[in-house]
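There are 6 protein chains.
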Amino acid sequence: MDRNVHTFIGCDKEYSESNIVIFGAPFDSTTSYRPGTRFASAAMRSESFGIETYSPYLDLDLVSDARVFDGGDLELPFGSPEAALGMIQDFTEEILADGKFPVMIGGEHLMTLAAVRAVAARYSNLHIIHFDAHADLRDDYLGVKLSHACVIRRCHEILGDDRIFQFGIRSGDRSEFAWADEGHVTMRKFDLRTLPEVAEKLADPPIYVTVDLDVLDPSQFPGTGTPEAGGVTFTELREALKIALGRNVVAMDMNELSPALDHSGASTALACKLMREALLMIGGKYK
Amino acid sequence: MDRNVHTFIGCDKEYSESNIVIFGAPFDSTTSYRPGTRFASAAMRSESFGIETYSPYLDLDLVSDARVFDGGDLELPFGSPEAALGMIQDFTEEILADGKFPVMIGGEHLMTLAAVRAVAARYSNLHIIHFDAHADLRDDYLGVKLSHACVIRRCHEILGDDRIFQFGIRSGDRSEFAWADEGHVTMRKFDLRTLPEVAEKLADPPIYVTVDLDVLDPSQFPGTGTPEAGGVTFTELREALKIALGRNVVAMDMNELSPALDHSGASTALACKLMREALLMIGGKYK
Amino acid sequence: MDRNVHTFIGCDKEYSESNIVIFGAPFDSTTSYRPGTRFASAAMRSESFGIETYSPYLDLDLVSDARVFDGGDLELPFGSPEAALGMIQDFTEEILADGKFPVMIGGEHLMTLAAVRAVAARYSNLHIIHFDAHADLRDDYLGVKLSHACVIRRCHEILGDDRIFQFGIRSGDRSEFAWADEGHVTMRKFDLRTLPEVAEKLADPPIYVTVDLDVLDPSQFPGTGTPEAGGVTFTELREALKIALGRNVVAMDMNELSPALDHSGASTALACKLMREALLMIGGKYK
Amino acid sequence: MDRNVHTFIGCDKEYSESNIVIFGAPFDSTTSYRPGTRFASAAMRSESFGIETYSPYLDLDLVSDARVFDGGDLELPFGSPEAALGMIQDFTEEILADGKFPVMIGGEHLMTLAAVRAVAARYSNLHIIHFDAHADLRDDYLGVKLSHACVIRRCHEILGDDRIFQFGIRSGDRSEFAWADEGHVTMRKFDLRTLPEVAEKLADPPIYVTVDLDVLDPSQFPGTGTPEAGGVTFTELREALKIALGRNVVAMDMNELSPALDHSGASTALACKLMREALLMIGGKYK
Amino acid sequence: MDRNVHTFIGCDKEYSESNIVIFGAPFDSTTSYRPGTRFASAAMRSESFGIETYSPYLDLDLVSDARVFDGGDLELPFGSPEAALGMIQDFTEEILADGKFPVMIGGEHLMTLAAVRAVAARYSNLHIIHFDAHADLRDDYLGVKLSHACVIRRCHEILGDDRIFQFGIRSGDRSEFAWADEGHVTMRKFDLRTLPEVAEKLADPPIYVTVDLDVLDPSQFPGTGTPEAGGVTFTELREALKIALGRNVVAMDMNELSPALDHSGASTALACKLMREALLMIGGKYK
Amino acid sequence: MDRNVHTFIGCDKEYSESNIVIFGAPFDSTTSYRPGTRFASAAMRSESFGIETYSPYLDLDLVSDARVFDGGDLELPFGSPEAALGMIQDFTEEILADGKFPVMIGGEHLMTLAAVRAVAARYSNLHIIHFDAHADLRDDYLGVKLSHACVIRRCHEILGDDRIFQFGIRSGDRSEFAWADEGHVTMRKFDLRTLPEVAEKLADPPIYVTVDLDVLDPSQFPGTGTPEAGGVTFTELREALKIALGRNVVAMDMNELSPALDHSGASTALACKLMREALLMIGGKYK
């Protein structure tokens, strides 16, 4: 008798036959307002059974047109960000070493730092495309350097200037916007409209795509800890992802879903649908 | 002393003086994900007191400009879909026999089959206009033929090809889209834009309008069991209904509201408002 | 790389090395009031990580002192009770055939009928100990024979008089209480106080234990569809289970948790803790 | 075709054939903390379908053993307490004039004043038995005399000393307890234990029974605006009501259920069950 | 040791050094459907710590670019609208007398009447710009004159014809729309598009801006008692406020947030963000 | 004009005139299951206005019979437990240095370590009375030493054997119970019955009382992250506190309320009432 294992819908390939590996990074200890993103990956696995494996947008199906292994959730030590980051970095490196594409489900946005550390170690010219409502460019937050509010600043310390492209940003303190204006990163405020031009420029280098789901308008995605009115629509984000993931992307993550704030389940369902689209964009037709 | 009876707001005409009959079909036994639509009609009656009887869109009022009888809710046997369908079919036939217009509030979408059976028996050339996020064209679902996921396929077995027009469809398995592409039904994916042309072609035949409220974007209508991002707006649906109900419509239904998923009450309020508009479109000025 | 599989906490033995098999029967199509028990087994698996594997009541631990395989959830066809019962019966028979002890997590109480069918086929002298707020002795419910409200009556049709012992019953229609009074079943109303005497009498025969969690007072277990004030405490039920499971018990189930009604998670946590205790009572020390 | 009218379960007698009239008084404008009791009577009507009409405690059934008319809800003007009280008083007088027993469902506790005004006008020697967590004996609350926090003080102005008996009181300001100690009312703090003696003394005079459901412990009845830990159990209250309603009771009310605070529905279900018991105690066997 | 006082974020100036005073008016006794707006100001203070003090829209910061004193919440007597209005009027007059700009957070919309009474006494030519889904033009509501549903009608009694400009109105009874059509007020139905023209005309006179947040579409602002589908977006309202507050505005309010209906917190967060923008528009750069 | 400051009800003395200081320690970064206790102190301040300042149990009133200063909430750096502990320790030392009694509201239970560090530095013979469902005696949790699951073990490292007395413990892993059995701490499992004897023995030494509110049964206190069935009642805990706080207690804390899990508000209300009782027990009549 086999175990009846619940993976993310349609992601039931064996590790050896897969070319994409999704996994959960359930950690939210540095979240400064409402915690709860630690439950995102489990909720998405559960709720993914409310969507179909087939995408009418792409005419592709997770079962027949992609090879995704669901690696489950890492068991991360709450209260110890550096230890958690280390475990994620190791896991990401293992996936990369096996020639597979890592897709991480957060968790809070700080987790991105771990994956970027792993990917940057392998790809010297790594660029980041970053979708978010928040700049995440603080140098520290209440004295803490390893905070969700500083994650892109920490990534910049690894990659340096001209490597990070932000979209949809509409919240931060004055210093973050000023620092971006100094040219360290390229920030598109409020919407995603400059993405096609940016994508054109980034035809060659390896790219890490990080999606903080709160880039979406809270009407479409209320289920997150710090909702910021004035965001983009699902359709805009889906189309932007199609452009971004059409580049030489080598890893991605999706984070900041907080299921306990998602009474109707609509935010979790949206995240699942966007994940399906992303997985098919990355790995469609056994690419 | 009279009973103080709670009908849907403004629908307090006697049966004999009415030309429209609304009633609830509280059944959701075949719902495959989150059940709860059985409570929709009761919730709509309750929450309808939060809206007005007057429509500033149509400059018509349910009290003075329409004649609607609220027949209450049928008592349907959970766990026995065929028995439930039979009771709804009988009730619909009685309304039609009395020369009145039936408006059913679901419940799950399978209930539409019962009403279509009754209406098709009376109108040989019946057509269906179908608003939905989901194709509902499966031949069976886990071996079950009488499932919400198959309801339009079952209707097609009654009506045949070229009679069913679907709008807003953005979810289904590959086989459903393929079957539609074979020409059995006319499916408009993602939006409602082709409705005016379709409506023009359908100037004469009797039409059944079925509204699965999940055709709406989950931002506007989170209170449903299987929310699908990327839907239409309330305004788009209201305007589409105005076009559709301007044809030779002989019956309609509205379904898939799930009140327990509607924490704020906004989805139920929207359903009530859309129902008011629909009732006035159908029966405005004692038409 | 292994999948990171989520079983009920501490129930991660292989099938071959196990002597107990737990599995979920997620079905609630005949629920006549608030549905949602279909999500109980998944919620219990998730929430079980909030409790410990060790019982200070029994000084036993699921990891070291029991051998339980978690068989996951069956995929049951909503809207088709007979088909669902058939699948559960087959699964239960397989477990029994392999000499293991089946522990089913409902789902609605009707699912018990399937397991009883399987167990009764193997044990000719089967008795039932039944904990519940509701008598479940109706002959039919709105014309439906396969209803949660009739499940013990259906079991009686298999086992006959003098085989069924009910505890904690405090709701039903007059006919159910009258039928019990005729002597078909032995019903203890309101509390569990006669259990020790009953257990003494039932020293030898094989016993099926079915626990409808709404036997508990709603203060302790609000997360169920039809809460009935005036029930028993967790401590009373735990102690009663210890007595009952000390007999020659051959199968058991626990049902009617409805996670969507359990805002705080306390009902799900209680169900997990009671399940841990039950598993240790059944299988403690590799018994 | 008849309307399918939803009354409180089993209370579907015609007015003329009834001897008990229940009605809702949905008003909560003076509630000083969390409002919402205005929705109690509608919620109880709805949720009453989750309980049975038969009581195994009393071996009586609402359908066959009582004659109750459900008069629906009064439409009361929010923001105008005196006007609301006037409407309730008029309605209660009409019921009394027809020789029937009024049972009011609040709303906030202030509504009791209206019914007491009507009853006291007819019964010169009226006494009150009052179950509550709160003394409700303030002379005014923030300068307002017609406040839920003053309702028993207002009743005392009508009835005078030695007529009011309070049970379960565990909250109030010092002045309320001091005023009670002066002998104006008889207050039993914390529990109901002196009720049998009080009931014995009150064998003859007409009695009004008012039940503020927050007398119950919040574990059993969380669905109320100002929960006070340390209350009584459902069983204690049910047994107390049996004693109280066995006297010469001429009217009663039950109030302070706040459905929006009752996520699981267990508080509303308890209120319905207690109402069923009360109706059967008052009117059992066509008394 | 100082108290650690929680003001609205960034509004921690002393009264003497401030030129804007925000305060809460927690009252909702006349709310005719779902009450709860009394908790809005407290919730906004709490949740304001989830947003930043800096606005990337205006490049201004509450801490460095505005001088706002948070006066806390008035303690208003529930059940007594006239008394509550009196207290608010007095408080507003005190602020005006000190040469400061009052910003009131409701509470229900009736509270606006109190502030308008105070402001109109000081500015003889006062005009009102009113954003709302509801006309609020009834002469009375169930006989009550001091009702949220009548508030603009009451304001009209003070100001007279040609002084009130309404935007976004999409709900009311026929008489309200008819009365507006008679020319007493200027009503823009459904959207805000005529605001620029109106603002141009209102270059000189003193203006009171009242924002009923339910003018927003319920998708963006579900957290309100009477959600009306078909509203405006956050971006539209923010831009409209920028135009309106660019005039000679002398006072403003924001009302009808109902936190208990805002499960995700997104509505409260939106209200906080809009308040930040409004405060910066009014008082940016120590204007 | 004064700020209208919201303290915990009745705790509005100036620092200089107070002898008790309550403050919040909003931190939950190491919580291993459902986070959210960071919001407890703010929620308790808010909800405290639903209770009275007068205790009918003690016949004492916070306003007239105690001198409590509410120091507000510390601003603690999420994700950095050691830094947070340092800030709390400093703050506690300041209170102690001023001869006042510190009462901390958590937050997660780890925060107790900070206060114990401060108190133990001043009182060499410090003992701890610990109410909890969980032993909290792990040496580490997933490798983390500063975890809520290890807090009493960390306190033991400061105080040594025979100083810590635990009550109500009913959850932990086997090693925790074994370690307690070795005699390092005195653990009373399941209930509080041995407290009177323990209190008698502890007549002289200085005592720190730490109350993890999950010692209560989840029926009475569902609003906590890891509810454990089988706990004590409010009345039992209130009476136990009266005994414990009658000793030479020098500091106390109350923790693990998680407001987001407290839908009805009853858990927060209970915590407020228990805090009122505790403050009056500690400081009643200007003791």
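Protein chains in written order, with the working numbering: chain W, 3 to 289; chain F, 3 to 289; chain L, 3 to 289; chain V, 3 to 289; chain X, 3 to 289; chain D, 3 to 289. The beta carbon of each residue, even a glycine, is placed where N, CA and C say it ideally should be. On a predicted model such as this, the values are computed, not experimentally measured, just so you know.
Any C-beta of chain W under 9 Å from that of residue i
i: X/Ile245; result: no
i: X/Ser173; result: no
i: F/Ala253; result: no
is_contact[residue i, chain X] using C-beta, thresh 9 Å
i: V/Ala85; result: yes
i: W/His263; result: Checking the sequence shown, residue 263 of chain W turns out to be Leu, not His. So yes, W/Leu263 belongs to the interface.
i: W/Lys329; result: The structure shown does not extend to residue 329 of chain W, since chain W is modelled only from 3 through 289, so no value can be given for it.
Beta-carbon gap between residue i and residue j smaller than 9 Å
i: L/Ala45; j: L/Ala86; result: no
i: D/Val200; j: D/Leu243; result: no
i: L/Ser126; j: F/Ser31; result: no
i: W/Ala246; j: W/Ile97; result: no
i: W/Glu54; j: F/Gly174; result: yes
i: L/Leu272; j: L/Ala68; result: no
i: D/Met283; j: D/Leu60; result: yes
Closer than 8 Å: residue i CB and nearest the ligand GTP heavy atom
i: W/Leu272; result: With respect to the ligand GTP, the structure shown offers nothing to examine, as it has no ligands at all.
Within-9 Å CB hit, residue i to chain V
i: X/Val153; result: no
i: X/Ser18; result: no
i: D/Gly2; result: Look at the range of chain D in this structure, 3 to 289, and you will see that residue 2 of chain D is not part of it.
i: D/Pro58; result: yes
Any C-beta of chain F under 9 Å from that of residue i
i: V/His8; result: yes
i: L/Leu139; result: no
Cut-off 8 Å between Cβ atoms - residues of its own chain near residue i, not counting five sequence neighbours on either side
i: F/His1; result: Because chain F in this structure spans residues 3 to 289, residue 1 of chain F falls outside the shown range and cannot be described.
i: L/Leu148; result: Thr32, Pro83, Glu84, Leu87, Leu112, Leu115 and Arg156
Proximal residues to residue i (C-beta, below 7 Å), its chain only, five neighbours per side dropped
i: D/Asp193; result: Gly170 and Val234
i: W/Gly225; result: Leu259, Ser260, Pro261, Leu263, Asp264, Ser269 and Thr270
i: X/Asp141; result: Cys152 and Arg155
Beta-carbon contacts of residue i that lie in its chain and below 6 Å, excluding the five residues immediately before and after
i: L/Tyr17; result: Phe71
i: F/Glu95; result: Ala120
Discussion item. Using a Cβ distance threshold of 8 Å, determine whether the region 243-260 of chain X contacts the region 101-111 of chain X, with at least three qualifying pairs required.
Written reply: yes
Worksheet item: Between the region 68-84 of chain X and chain V, which residues of the former have a C-beta closer than 9 Å to a C-beta of the latter?
Response: Glu77, Leu78, Pro79, Phe80, Gly81, Ser82 and Pro83
Worksheet entry | Interfacial residues, the region 33-52 of chain D to chain X, with Cβ spacing under 7 Å | Ala44 and Ser48
Worksheet entry | Given 8 Å, three or more beta-carbon pairs between the region 225-244 of chain X and the region 229-243 of chain W | yes
Worksheet item: For the region 76-95 of chain W against the region 20-34 of chain F, are there 3 or more C-beta pairs whose distance is under 8 Å?
Response: no
Worksheet item: Touch check for the region 49-64 of chain W and the region 7-18 of chain W: three-plus C-beta pairs under 8 Å?
Response: yes
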